[in-house]
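Step one of this worksheet: look at the structure below.
Numbering (our numbering), first residue to last: 3 to 118.
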């Protein structure tokens, strides 16, 4: 294995929308899938923008809970697709540094397994 693992490179290569903010709520990273879904393919439209500005008061209350260390997970239907939304703080040395959101399309034929 050459060099150090590059998480940004790995996130750029997956078909899951990934959005990351800093502790102030500014968008600091969108992978290509997130840029496509949220910014018409142009990440520069959202980089540096305040995530709170594009959300409702209810959503902003959730953002505050996330910044306090909670995780938020739910499903949505959008444009005929079901999606799993996983939102969590990201930490360095145990300290919250911002938020990360994964938006994952749930295939219609996705199997479910019960494991003991």
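Glycine included, every Cβ here is placed at the ideal spot set by N, Cα and C.
Here residue 91 is bridged, per DSSP, to 101. For residue 39, there is no enclosing beta strand (DSSP E); the residue is found in the alpha helix (DSSP H) stretching over 34 to 41.
Taking all protein chains shown into account, residue 78 has fewer than 16 neighbouring C-beta atoms within 10 Å of its C-beta and is therefore exposed.
Residue pairing from DSSP places residue 74 in a beta bridge opposite 89. Between residue 100 and residue 23, the gap from beta carbon to beta carbon is short of 7 Å. Taking a C-beta distance under 7 Å as the contact criterion, residue 64 and residue 86 do not qualify as a contact pair. The straight-line gap separating the alpha-carbon atoms of residue 12 and residue 34 is approximately 11 Å.
In the structure shown, residue 79 adopts extended strand secondary structure according to DSSP, grouped into three states.
Secondary structure of residue 54 (DSSP, three-state): helix.
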